[in-house]
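Worksheet: the structure to be examined is printed underneath.
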Ligand code: ADE
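Numbering (the working numbering), first residue to last: 52 to 281.
Laid out in structure tokens, this is it:
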């Protein structure tokens, strides 16, 4: 088994690299991949850079070039559901590209012919995550994550995404990673800890809490790895 662990920004994978300690560094397709053996299991760790294009490239590379057979994503998100506070964890039950728009041709938002509006995550990983949350005594919310190539910092935009897709959180990579994993038959899991609430104060909140929330998510994902390879 070879597991991919992905983030979008350095802060999202640094806590994982620090925990692992020793790794081999490989440059591929304008990115750096960290390979290691962890408790007898091979891991490939990388941050993609922000957005749908870079995350698509990294997820594809991890599966097709590095041979990963499962993918776990760790990072931060803007909260939509008011029950989600800074630092809270949400796992994607399904994901959608909120900015994919050919509605002028009569298609629903998030849809292009040959695709689907939502992509569902692997149920086994969600069950494992629930077990981990229980063991850690942590609350883990399950919901819809909406992905787009914009940092949302406006309640009107946030509310539109919430209404349209019944979304609980938003970020900039999850749905593109989901599309890749779904197409390449690779079970995946997208975990996010809340860094902001995607309204006027979002950029300030993000700057303040991104690092601490990224650590919360990364620590949870490493517990998931422990359980997966148990
Ligand atoms: N990731 C974390 N916060 C975000 C936001 N407000 N918009 C998009 N992606 C995010």
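Beta carbons: idealized from backbone N, C-alpha and C, even for Gly.
Only exposed fits residue 167, as fewer than 16 other CB atoms lie within 10 angstroms of its CB. Nearest to residue 130 by alpha-carbon distance, out of 107, 219, 211 and 60, is 219. The C-alpha of residue 201 lies about 10 Å from the C-alpha of residue 149. Remark: the C-beta of residue 160 is outside contact range of the ligand ADE, defined as less than 6 Å to any heavy atom.
When DSSP states are grouped into helix, strand and coil, residue 90 belongs to the coil group.
The ligand ADE never approaches residue 58 closely enough for any of its heavy atoms to be under 6 Å from the residue's Cβ. Short of 6 Å from the beta carbon of residue 214, and not among the five residues preceding or following it, lies no beta carbon of its own chain.
Counting along the chain, residue 111 sits inside the alpha helix (DSSP H) bounded by residues 103-111. Nearest in C-alpha terms to residue 66, of all of 199, 125 and 80, is 125.
Counting other Cβ atoms within 10 Å of its Cβ, residue 224 reaches 16 or more and is therefore classed as buried. Rounded to whole angstroms, the gap between the alpha carbons of residue 279 and residue 268 is 16 Å. Counting only beta-carbon distances shorter than 7 Å to the non-hydrogen atoms of the ligand ADE, the qualifying residues in chain order are 127, 128, 129, 201, 202, 203, 204, 221, 222, 223, 246, 247, 249, 253 and 257. Residue 136 sits in coil when the DSSP states are folded into three classes, being neither helix nor strand. Segment contact: the stretch 231-243 against the stretch 128-146, three or more CB-CB distances shorter than 8 Å; contact assigned. With fewer than 16 other beta carbons inside 10 angstroms of its own, residue 52 counts as exposed.
The bridge partners DSSP lists for residue 125 are 242. For the pair residue 84 and residue 78, the Cα-to-Cα distance works out to about 6 Å.
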